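One structure below.
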């Protein structure tokens with residue numbers, strides 16, 4: 052069973068809006084049984100004070116970053132959300148010093164345990180936390196402290212989640228002026244009923260199950276959408292494939308040829324590398340052979356040279372060279388003729404000392420030519436070497452030219468093949484681009500679709516099982532709540548009787564909670580009000596706040612709330628805070644409300660904290676129980692008023708008309724006009 | 003941009019490459035035409051001998067150097083013997099006549115065939131007077147160059163006792179000398195500065211800047227050979243006529259040192275023969291100078307070199323101070339790297355020059 | 002400027018592949034020797050003439066000219082071209098080239114090589130015509146304008162090599178960056194332009210020349226002539242470094 056807080060003590064220090072009396076004292080207030088009136092005029096800080104009481108419990112967290120939303124979602128969040136900085140600075144913004152040193156401290160009772168909680172008003176930071184006088188260390192890290200605090204509060208409320216604490220605070224404990232309230236907001240009603248009436252573990256399970264259903268539904272829908280897209284693509288692919296067979300044959304043909312050419316190109320690459328090696332080897336051999344030949348032939352020359360120089364010392368070098376070359380190479384350097392025959396002649400002549408240039412006999416010569424004596428053997432050897440060298444050079448030249456030619460032709464072939472590959476690749480790419488879908492693509496799409504459909508089935512099955520679980524849980528819960536219907540209806544009727552003229556009843560129905568985007572809904576117990584109207588016979592079900600007038604709305608909601616509190620706590624006491632509905636009520640209605648509230652406040656250990664503008668004198672009087680019977684009574688009543696005219700920082704109106712306002716208050720308290 | 007210089011060259015060290023580049027100021031000036039190249043080379047050779055005290059020369063006074071297309075052919079006619087590496091060796095150069103290549107490094111040499119004062123005549127007699135000729139007079143410390151041959155004009159250069167220093171003062175000196183001796187009047191200034199036959203009317207040639215640039219480049223090259231390298235902007239499309247000087251830096255690399263931007267101001271545009279020459283207004287000249295300031299400054303900033311703007315004044319009326327013109331003053335004020343600006347007056351006749359106070 | 006040439010029978014026969022090769026070699030020899038004359042380093046010893054031919058071949062890309070051979074067999078004693086030598090000897094016989102101080106120097110395996118001092122025979126009446134046709138005189142007379150460029154390049158290179166100390170052009174060739182590259186062993190072919198893909202990679206001498214720019218500021222350029230002279234400095238320093 053849920054426990055609701057009973058505020059016992061409030062202290063506000065160093066907050067510029069509430070300097071207190073004398074100034075600097077702040078506010079120090081003990082909440083006793085019954086009514087506590089926070090009286091003031093517009094702008095003195097009534098809402099601020101009430102909000103302090105709210106924020107003491109919530110800290111810098113709420114159901115959304117902006118606080119309580121207009122309407123709740125079908126599924127509540129798992130965790131409370133950090134307030135946005137603007138909301139956190141709500142108190143700081145109202146004073147010049149940004150509430151830098153301001154602290155609010157509250158003592159609150161839950162059953163037999165008394166908690167003391169204090170927070171900084173500048174940033175809502177938790178300053179201290181004590182249970183039954185003993186201070187509890189909740190940790191140094193801010194988030195940890197709040198988390199630990201929230202756990203504590205959950206324990207004392209006896210709910211499983213701080214989100215449920217917030218729900219209860221907003222829809223049960225704190226009655227704000229302009230909210231539709233649990234009776235009118237289906238989702239809020241469902242959440243609040245769950246939090247209030249279900250045993251805490253069950254309440255937690257239901258919340259979790261609801262979330263599971265919603266997320267499973269979301270996932271299933273997403274996957275279904277994906278599957279649909281793939282299916283479309285596949286249909287498209289299949290239909291265009293029918294037209295594509297000819298082109299793909301062409302493509303296949305090109306591919307085959309391309310493969311063959313690529314293989315050929317690879318083969319040629321290897322071959323070229325080999326041929327390059329071979330032609331380089333051949334070139335090296337050829338160059339060496341050329342050099343060797345020159346050196347071999349020069350060797351022969353050098354042997355003859357020495358001899359010629361001796362023979363013809365005055366012969367010019369150039370001439371000597373001619374003769375030498377002729378003698379050794381068998382080639383006449385002058386005309387290129389073959390001199391083998393003449394060679395023998397000249398050598399013979401030289402042997403005899405005949406001048407090889409002019410043919411003169413030794414006797415005719417001025418300088419005598421001695422016989423040409425050359426080491427025959429050496430010359431022969433050198434000449435043999437030279438001849439071999441010539442042959443070798445010729446052979447290596449042929450080899451070189453052949454390998455170079457072969458290399459050249461393979462290089463040409465490689466060039467041709469490469470050009471063809473390029474052309475063919477280009478054609479294949481073009482064909483491929485023209486083919487809408489290749490068989491491979493269709494297979495891929497089919498596979499993709501299969502997988503997606505499988506995921507979809509899985510997700511749908513998840514959703515179904517989540518829904519089943521939730522239904523089971525809801526079923527368990529329904530019984531609990533429906534059991535309370537009678538009692539709730541009775542209490543409601545009683546409460547409402549005093550507040551509005553019409554006949555109103557609380558009716559239990561089976562609501563249909565919509566948690567998914569689909570058609571399926573979940574049966575949940577719900578309540579609607581039913582009342583008679585001026586222009587219609589019988590009672591009609593009022594389902595939305597627009598179905599009733601504003602004043603009726605607030606009062607019915609109040610009645611409902613009071614009934615909830617009564618039944619949910621089993622009649623245990625709690626503190627209800629209210630900002631009185633003012634603008635919408637007529638004089639009589641105000642009195643009725645006041646009387647109803649008085650009834651609540653007078654009951655047991657209940658505390659009712661009500662803010663009121665002084666214009667509601669009638670309601671104030673009614674809240675206190677009608678006209679005061681004695682001065683002592685008035686004095687006692689005054690002790691139940693947090694008089695913002697005195698305690699709050701005065702505004703212009705107060706400064707100029709304080710006495711008048713005090714008089715109005717007095718007359719409201721006494722009941723005298 | 004990938005560093006094209008990063009990969010090492012097999013077997014070649016950076017130090018070897020750097021060492022080779024250090025010779026940049028000492029190698030022949032390939033940018034010059036052969037005649038001028040020869041004169042620069044001979045001057046280098048002679049000055050290096052002079053600066054090391056004329057070792058090995060005995061009492062000789064005069065040396066003659068001729069640029070021959072086939073040094074051996076000419077030399078052998080007179081029995082001249084082979085010479086090589088004149089710059090590196092200390093084989094005597096005075097009292098001798100040489101037939102050399104355009105770098106004055108190799109060729110043929112022989113004893114002077116006649117007395118010093120008969121050389122020119124002898125050369126003419128031998129029909130060698132078309133060969134570029136340089137005569138050295140040790141005692142007078144004079145180098146007499148005749149790039150067009152013995153029959154052509156002569157130019158005198160001092161044989162310097164000390165090698166040139168790469169300093170702004172030396173550049174100043176070189177510019178002054180070139181102005182006085184090679185530009186001042188039509189008879190000494192190079193063709194192309196004045197429109198042929200119309201110098202007295204102060205009609206400039208089609209591209210006087212180019213002619214002056216070539217002249218200056220030759221002078222500066224000759225002056226600073228061995229110490230500084232000179233570069234010329236060759237393309238007219240770039241719109242700049244300049245000479246850039248490089249010298250070796252401390253880090254072993256060459257760096258730009260000085261940039262000389264050349265501009266010409268004139269009274270009229272070029273016109274041929276009897277055609278009327280279109281007038282050039284003062285503000286047009288001022289804009290030319292302003293452009294020169296911009297170009298010199300930009301280039302100086304770009305290459306981290308000191309900029310100079312040399313303005314050659316070909317105007318008939320030189321009274322208005324071009325550097326005081328508002329357009330020029332504004333440009334200078336705007337400039338973050340102000341070039342030093344100088345105006346060099348050139349005259350259309352020798353008498354005008356004399357009237358202006360030039361000897 | 003092209004001129005049509007009347008070929009006689011002998012000349013037509015010579016236009017076989019080997020005939021053309023022979024003509025090429027002869028033209029090359031004459032151009033080399035003419036350049037040597039211009040620079041005043043003629044007559045040239047055989048070894049220096051071959052060295053000059055090799056350096057001209059390996060450095061032709063500096064003047065953006067195609068290589069003559071693009072390869073050479075690396076041997077002890079420095080670069081040598083048997084086919085060039087054959088044409089030198091023939092030109093001697095034809096009276097276009099003069100030779101003096103002929104001798105034979107021994108080579109390994111009882112081989113020999115001719116040595117001598119070679120220069121153009123300036124007295125030859127055929128020479129001026131040949132030189133003109135080869136672009137060694139006026140550009141207008143050259144049969145192939147490219148030859149005139151080749152000649153100008155050879156004169157530049159000869160001038161640069163004249164700055165090598167003691168005219169040690171043959172030693173210079175052996176310390177040439179490409180010839181001295183240790184990755185190619187003796188008795189193997191150095192290929193720097195014939196069968197290579199990128200001369201800027203395979204011609205080490207060219208790479209060295211390309212590297213000169215690293216020591217100049219950005220924007221500074223070297224003329225082709227300057228590059229040759231700097232490379233000759235590089236070779237000279239290598240010779241002296243030992």
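Residue numbers (the numbering used here), protein chains in the order written: chain A, 52 to 724; chain B, 3 to 361; chain C, 2 to 243. From the three backbone atoms N, C-alpha and C, an ideal C-beta is built for every residue, glycine too. These numbers come from a predicted model, not from an experiment.
Is any beta-carbon of chain A found at less than 8 Å from that of residue i?
i: residue 204 (chain C); result: no
i: residue 49 (chain C); result: no
i: residue 80 (chain C); result: no
Let me check understanding here. Comparing Cα to Cα, which of the options lies closest to residue i?
i: residue 271 (chain B); options: B:108, B:263, B:283 and B:253; result: B:283
i: residue 307 (chain B); options: B:248, B:66 and B:279; result: B:248
i: residue 207 (chain C); options: C:52, C:40, C:136 and C:59; result: C:59
i: residue 233 (chain B); options: C:231, C:21, C:162 and C:217; result: C:217
i: residue 64 (chain C); options: C:87, C:81 and C:232; result: C:232
i: residue 341 (chain A); options: C:74, C:54, C:34 and C:225; result: C:74
i: residue 122 (chain B); options: B:68, B:169 and B:81; result: B:68
i: residue 648 (chain A); options: A:546, A:271 and A:697; result: A:546
Is the shortest distance between the beta-carbon of residue i and the beta-carbons of chain C less than 8 Å?
i: residue 32 (chain B); result: yes
i: residue 469 (chain A); result: no
i: residue 255 (chain B); result: yes
i: residue 4 (chain B); result: Any reading at residue 4 (chain B) needs caution, since the residue's pLDDT is 43, under 50, leaving its predicted position unreliable; the model's value is listed next. Chain C, which has no Cβ nearer than 8 Å to the Cβ of residue 4 (chain B), makes this no.
i: residue 258 (chain B); result: yes
i: residue 90 (chain B); result: yes
i: residue 73 (chain B); result: yes
Determine whether the Cβ of residue i lies closer than 8 Å to any Cβ atom of chain B.
i: residue 168 (chain C); result: yes
i: residue 45 (chain C); result: no
i: residue 224 (chain C); result: yes
i: residue 17 (chain C); result: no
i: residue 158 (chain C); result: no
i: residue 75 (chain C); result: no
Which residue or residues does DSSP assign as beta-bridge partners of residue i?
i: residue 83 (chain B); result: B:111
i: residue 132 (chain A); result: A:113
i: residue 60 (chain A); result: A:81 and A:158
i: residue 664 (chain A); result: A:91
i: residue 71 (chain A); result: A:77
i: residue 11 (chain B); result: B:14
Would you mind stating whether residue i and residue j have Cβ atoms separated by less than 8 Å?
i: residue 184 (chain B); j: residue 217 (chain B); result: yes
i: residue 57 (chain A); j: residue 625 (chain A); result: yes
i: residue 131 (chain C); j: residue 89 (chain C); result: no
i: residue 525 (chain A); j: residue 575 (chain A); result: yes
i: residue 542 (chain A); j: residue 653 (chain A); result: no
i: residue 719 (chain A); j: residue 668 (chain A); result: yes
i: residue 47 (chain B); j: residue 88 (chain B); result: yes
i: residue 158 (chain C); j: residue 149 (chain C); result: no
i: residue 36 (chain B); j: residue 92 (chain B); result: no
i: residue 696 (chain A); j: residue 713 (chain A); result: yes
i: residue 85 (chain C); j: residue 30 (chain C); result: yes
Below 9 Å on C-beta distance, what does residue i contact in chain F?
i: residue 239 (chain C); result: Among the protein chains in the structure shown, which are A, B and C, there is no chain F.
Uninterrupted alpha helix (DSSP H) stretches inside the segment 260-341 of chain B (no shorter than 4 residues): 284-305 and 328-336
What runs of the beta strand (DSSP E), each 3 residues or longer, lie entirely inside the segment 160-192 of chain B? none
Which residue spans inside the segment 212-246 of chain B form an unbroken beta strand (DSSP E) run of at least 3? 231-234
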